[in-house]
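Trainee: The structure follows.
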Amino acid sequence: MTVALRQLNTNNDISINLPVGESTPLRSDRRHYDNNGFGFVKEINVDGCPMAELVRKADDNKRGKSFHYRYPKFIKESKQETCPCITEPEHDDKSGDILMNDRYWVHGEYPGQGRLFGKLCVIPLKHYFHFEDMPEEEAVAFMQEVKCVG
């Protein structure tokens, strides 16, 4: 659950509804939410079940670079006509570039997402929406490149 909480947009209030009760699992859940900054707001009733609404207030913590935080941009860039690897292969900031040839672009970023210190990306320069869309011989060559980088 801690990992899931890290993926949420912390720039907005986050609210959850937790069943009311004194069972061991519910006490454990309340303690977990308390430890993660949630506070009791009010009692509510959801379909006849007494619940407690808990809220974690927004903060301005920097978020990682996972595509989960930039999902609309990710969806836009997944289309061939707006894919940055195709539309702007010659880019100005080459500080993270490790290798670029006629088939692949290997790029590193710091920091990575979540608790990672950095991440490496191996990106085919020919656009495929899904890995399965790649012809087999290209997929094999691509995975060999991934293996070299990894």
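Here the sequence shown is numbered in this note's numbering, starting from 1406 and rising by one per residue.
Don't be surprised by glycine CBs; every beta carbon is placed ideally from N, CA and C.
Have a look at asparagine 1422 and aspartate 1465 and give me their C-alpha separation to the nearest angstrom.
Mentor: Cα to Cα, asparagine 1422 sits roughly 24 Å from aspartate 1465.
Trainee: Which residue or residues does DSSP assign as beta-bridge partners of glycine 1444?
Mentor: According to DSSP, glycine 1444 bridges with Val1460.
Trainee: What do you get for tyrosine 1509, buried or exposed, if any count of 16 or more other CB atoms within 10 angstroms of its CB means buried?
Mentor: Classification for tyrosine 1509: buried.
Trainee: Just to confirm before moving on: does the CB-CB distance between aspartate 1418 and lysine 1447 stay below 8 Å?
Mentor: Not in contact: aspartate 1418 and lysine 1447 (Cβ atoms no closer than 8 Å).
Trainee: To the nearest angstrom, how far is it from the Cα of glutamine 1549 to the Cα of glutamate 1493?
Mentor: Each residue's Cα considered, the two are about 25 Å apart.
Trainee: Helix, strand or coil: how does DSSP classify glutamate 1550 here?
Mentor: It is helical.
Trainee: Quick check on DSSP: helix, strand or coil for cysteine 1454?
Mentor: Cysteine 1454 falls in the strand class under three-state DSSP.
Trainee: Following the continuous alpha helix (DSSP H) through cysteine 1490, name the residue where it begins and the one where it ends.
Mentor: From DSSP, the alpha helix (DSSP H) with cysteine 1490 extends over 1489-1492.
Trainee: Beta carbon of leucine 1459, beta carbon of phenylalanine 1445: below 8 Å?
Mentor: Cβ distance < 8 Å, so leucine 1459 and phenylalanine 1445 count as in contact.
Trainee: Indicate whether serine 1483 and phenylalanine 1534 have their beta-carbon atoms separated by less than 8 Å.
Mentor: The answer is yes: Cβ separation under 8 Å.
Trainee: Out of Val1551, Glu1542, Leu1413, Ala1544, point me to the one whose CA is closest to arginine 1475's CA.
Mentor: Looking at the Cα atoms, Leu1413 is the closest of the given residues.
Trainee: Shortest alpha-carbon distance to alanine 1457 belongs to which of Lys1478, Ile1528, Arg1435?
Mentor: Of the listed residues, the one whose Cα sits closest to alanine 1457 is Arg1435.
Trainee: Counting only the same chain and skipping the five closest in sequence on each side, list residues whose C-beta sits under 7 Å from that of isoleucine 1449.
Mentor: Excluding sequence neighbours, isoleucine 1449 sits near Asn1422, Met1456, Glu1458.
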